[in-house]
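Below is one structure; the comments refer to it alone.
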Amino acid sequence: MPADELTPVQRAASYLRSLDIDGQSWITGVAINGLLAEGGDESVERAKHLVDTAVATQNDAGQLSYGPSYPIEVFSHGREYEASWELTVKKCMNTNNSTAIGHGVLDFYDRTGEDRYLDAAERAYESLLSFDRTEDGGIPHHDPDLAGIKSLWIDSVYMMCPFLARYGAAAGDADAFDEAVDQILIHAAHLRDGHTGLFRHIWVEQPNHYPQGAFWARGNGWAAAASADVLERLPEDHPKRDDLLDLFRSHCEALLPLQDGSGFWHNLVDDPHTPLESSGTLMFAYAFARGIDLGLLDEETYRRPAEDGLAAVSRVVGEEGAVNRVAGPPGGPEAPLTDTPYGQGWFLMAAAALD
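Reminder that position 105 of the sequence shown reads as 938 in the numbering used here, one-by-one numbering, no gaps.
Right, dumping it as structure tokens:
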């Protein structure tokens, strides 16, 4: 079919399938989730290749796709963090980003029943449990042995928690469900602002401070999407289900009035002087749609904002399928707008959730 006859979703899926993203940790994980959400034969085949490569290159510690093969990004596009923070963590490695790929690993276990996928997921699960934690049990975003600090990042709740819940369902492991909920609630205790209901990016345990405290769109998207995905699989009688549900609902309620009239949210969701940004917008649309479908959110309140968000981003999908206006990695207040594999993935996930 000629490119000008394809829908934005078809163009975005085709563009994502063409990208070389093997071994890119969480970026690969979000891309896999998007391809599986789109669900066409070519997309599932491409996702399977990415998952199989990640499993084949799982490291001895259990981390998928070669493990944490690169250090934390030190930002070239703006002085977003304190210089002391950059110097402290320049050598540290992600502890939990590779479990973003675990979502796809467990999807193919569901599809095929092949034990190799469940075995890989079990090793990734055990890897998460092996790291030294914060005093209240939070799994740090980076290896504290290398960083010399323990820090919680809002990114982690999406990288870890839906995987933990899905592993709990696949393996019949009640402890994994507990861990999925506990990690969201522990991260929220430190990163959620009590006045606005929004999430900050990073908290450091010692000394207790926020080296990056802005209400970043994609950071809030990680929290909203992770909560929806965990609630989908969490047993109805789980003792902390109501706590997580209250958190999810109040977070969505806080986000709702911050949507721009264009349908987008801003890169800093509470600052209309920052750019309109696609990835956060898509994540909020996804979370709202999943919340409606699961009976957790009121359809009359949340359906239209979700549809408006997806429609806004659809207007900035290029002719070749690139989803534009995405804050580049690692994000934050001064990130340039570009197109990225995770932007493609979230577009496909939001579109599928609203289909």
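Beta carbons: idealized from backbone N, C-alpha and C, even for Gly.
Source: prediction; values computed, not measured.
Exercise for review: Using a threshold of 8 Å, state whether the C-beta atoms of residue 845 and residue 1092 are closer than that.
Suggested key: Counted from its first residue, the sequence shown places residue 845 at position 12. Counted from its first residue, the sequence shown places residue 1092 at position 259. Cβ atoms of residue 845 and residue 1092: not closer than 8 Å.
Practice item. Compare the beta carbon distance of residue 1061 and residue 1123 with 8 Å and say whether it is the shorter of the two. Key: Here residue 1061 refers to the residue found at position 228 of the sequence shown. Here residue 1123 refers to the residue found at position 290 of the sequence shown. Yes.
Exercise for review: Tell me whether residue 962 is buried or exposed, calling it buried when 16 or more other Cβ atoms sit within 10 Å of its Cβ.
Suggested key: Position 129 of the sequence shown, counted from the start, is the residue given in the question as residue 962. Per the 10 Å Cβ criterion, exposed.
Check your understanding: What whole-angstrom Cβ distance do residue 995 and residue 1059 have, given they're in contact under 8 Å?
Key -> As a first step, residue 995 is located in the sequence shown; it is residue number 162 there, counting from the start. As a first step, residue 1059 is located in the sequence shown; it is residue number 226 there, counting from the start. Contact flag correct, Cβ pair sits at about 6 Å.
Exercise for review: Look at residue 867 and residue 1116 and say whether their C-beta atoms are less than 8 Å apart.
Suggested key: As a first step, residue 867 must be located in the sequence shown, where it is residue number 34. As a first step, residue 1116 must be located in the sequence shown, where it is residue number 283. No, the Cβ-Cβ distance between residue 867 and residue 1116 is not below 8 Å.
Practice item. Would you list the one or two residues that DSSP bridges to residue 1196? Key: Examination of residue 1196 is not possible in this model, given that the chain is present from 834 through 1188 alone.
Exercise for review: Measure the alpha-carbon distance for residue 943 versus residue 869 and round it to whole angstroms.
Suggested key: The residue labelled residue 943 in the question sits at position 110 within the sequence shown. The residue labelled residue 869 in the question sits at position 36 within the sequence shown. In a straight line, the C-alpha of residue 943 is about 12 Å away from that of residue 869.
Review point. Can you name the residues that DSSP bridges to residue 986?
Key: Against the sequence shown, residue 986 aligns to sequence position 153. For residue 986, which the question treats as bridged, DSSP gives the partners 1035.
Review point. Just the Cα atoms here: how many angstroms apart are residue 1074 and residue 1027?
Key: Position 241 of the sequence shown holds residue 1074. Position 194 of the sequence shown holds residue 1027. Spanning the two alpha carbons is a distance of roughly 20 Å.
Check your understanding: If we count the other Cβ atoms within 10 Å of its Cβ and call it buried at 16 or more, is residue 1039 buried or exposed?
Key -> Counting from 1 along the sequence shown, the entry for residue 1039 is found at position 206. Under this definition residue 1039 is an exposed residue.
Check your understanding: Three or more beta-carbon pairs under 8 Å between the stretch 1104–1112 and the stretch 1149–1165, yes or no?
Key -> yes
Exercise for review: Return the first residue and the last residue of the beta strand (DSSP E) that residue 896 is part of.
Suggested key: Counting from 1 along the sequence shown, the entry for residue 896 is found at position 63. No beta strand (DSSP E) holds residue 896; DSSP gives it neither H nor E.
Point to revise | Status (buried if at least 16 other CB within 10 Å, exposed otherwise) for residue 1050 | key: As a first step, residue 1050 must be located in the sequence shown, where it is residue number 217. Buried, because 16 or more other Cβ atoms sit within 10 Å of the Cβ of residue 1050.
Point to revise | Distance, residue 841 Cα to residue 970 Cα | key: Reading the sequence shown from its first residue, position 137 is the one you call residue 970. Reading the sequence shown from its first residue, position 8 is the one you call residue 841. Rounded to whole angstroms, residue 970 to residue 841 spans 43 Å at the Cα level.
Practice item. Pick helix, strand or coil for residue 1016, following the three-state DSSP scheme. Key: Along the sequence shown, read from residue 1 onward, the residue named residue 1016 stands at position 183. The answer is helix: DSSP assigns residue 1016 an H, G or I state.
Point to revise | Classification of residue 1020 by the beta-carbon crowding that lies within 10 angstroms, buried from 16 upward | key: On the sequence shown, position 187 is the one that residue 1020 refers to. Residue 1020 comes out buried.
Point to revise | Assigned exposure category for residue 876 - 16 Cβ within 10 Å defines buried | key: Working through the sequence shown from its first residue, we reach residue 876 at position 43. So residue 876 counts as buried.
Check your understanding: Residues in its own chain within less than 8 Å of residue 823 by CB, not counting five upstream and five downstream?
Key -> Within the shown structure, residues of the chain are numbered from 834 to 1188, placing residue 823 beyond reach of any answer.
Check your understanding: Alpha carbon to alpha carbon, what distance is there between residue 1011 and residue 1165?
Key -> Position 332 of the sequence shown, counted from the start, is the residue given in the question as residue 1165. Position 178 of the sequence shown, counted from the start, is the residue given in the question as residue 1011. Cα to Cα, residue 1165 sits roughly 30 Å from residue 1011.
Check your understanding: When the Cα atoms are used, what is the spatial distance from residue 978 to residue 1175?
Key -> Here residue 978 is taken as the residue at index 145 of the sequence shown, counted from 1. Here residue 1175 is taken as the residue at index 342 of the sequence shown, counted from 1. Roughly 29 Å separates the two Cα atoms.
Review point. Just how far apart, CA to CA, sit residue 945 and residue 884?
Key: Translated into the one-based positions of the sequence shown, residue 945 becomes position 112. Translated into the one-based positions of the sequence shown, residue 884 becomes position 51. Straight-line Cα distance between these residues: approximately 13 Å.
Practice item. Quick one: residues in its chain with C-beta nearer than 8 Å to the C-beta of residue 1127, no 5 flanking neighbours on either side, listed in chain order? Key: As a first step, residue 1127 must be located in the sequence shown, where it is residue number 294. Around residue 1127: 1061, 1064 and 1065.
**Study point:** Three-state class that DSSP yields for residue 1170 in the structure shown
**Key:** Locating residue 1170 in the sequence shown gives position 337, where the first residue counts as 1. Correct three-state label for residue 1170: strand.
Exercise for review: Taking the CB atoms as reference points, tell me whether residue 898 and residue 861 lie closer together than 8 Å.
Suggested key: Walking along the sequence shown from the start, residue 898 turns up at place 65. Walking along the sequence shown from the start, residue 861 turns up at place 28. It is a contact, given that the beta carbons lie within the stated cut-off.
Review point. Looking at residue 974 and residue 989, is the spacing between their C-beta atoms short of 8 Å?
Key: Start at 1 with the first residue of the sequence shown, and residue 989 comes out as number 156. Start at 1 with the first residue of the sequence shown, and residue 974 comes out as number 141. It is a contact, given that the beta carbons lie within the stated cut-off.
Point to revise | Residue ranges of each alpha helix (DSSP H) within the stretch 934–975, 4 or longer | key: 935–945 and 948–962
Review point. When the distance is taken between beta carbons, is residue 1187 closer than 8 Å to residue 1139?
Key: In the sequence shown, counting from the first residue as 1, residue 1139 sits at position 306. In the sequence shown, counting from the first residue as 1, residue 1187 sits at position 354. Against a cut-off of 8 Å, the Cβ pair of residue 1187 and residue 1139 comes out as a contact.
Point to revise | From 1089, 1036 and 1072, residue whose alpha carbon lies closest to that of residue 1057 | key: Here residue 1057 is taken as the residue at index 224 of the sequence shown, counted from 1. Ranking the options by Cα distance to residue 1057, first place goes to 1089.
Review point. Nearest to residue 1162 by CA position, among 1153, 1155 and 1172, is which residue?
Key: Start at 1 with the first residue of the sequence shown, and residue 1162 comes out as number 329. Cα-wise, what sits closest to residue 1162 is 1172.
Exercise for review: Taking 8 Å as the cut-off, decide whether the C-beta atoms of residue 999 and residue 936 are in contact.
Suggested key: In the sequence shown, counting from the first residue as 1, residue 999 sits at position 166. In the sequence shown, counting from the first residue as 1, residue 936 sits at position 103. Cβ atoms of residue 999 and residue 936: closer than 8 Å.
Check your understanding: Which of the three DSSP states, helix, strand or coil, is assigned to residue 1155?
Key -> Position 322 of the sequence shown holds residue 1155. Coil at residue 1155, not helix or strand.
**Study point:** Straight-line Cα distance separating residue 1179 from residue 864
**Key:** As a working mapping, residue 864 is identified with position 31 in the sequence shown. As a working mapping, residue 1179 is identified with position 346 in the sequence shown. One C-alpha to the other measures close to 8 Å.
Exercise for review: Report, in whole angstroms, the separation of the C-beta atoms of residue 1078 and residue 1018, which I expect to be a contact under 8 Å.
Suggested key: What you label residue 1078 is simply residue 245 of the sequence shown in a count that begins at 1. What you label residue 1018 is simply residue 185 of the sequence shown in a count that begins at 1. At roughly 12 Å, the Cβ-Cβ gap does not stay under 8 Å, so residue 1078 and residue 1018 are not in contact.
Exercise for review: Please name the residue in 1095, 1170 and 1154 whose C-alpha comes closest to that of residue 1141.
Suggested key: Walking along the sequence shown from the start, residue 1141 turns up at place 308. Ranking 1095, 1170 and 1154 by Cα distance to residue 1141 puts 1095 first.
Practice item. Quick one: grab the DSSP three-state call for residue 1071. Key: The residue labelled residue 1071 in the question sits at position 238 within the sequence shown. Coil.
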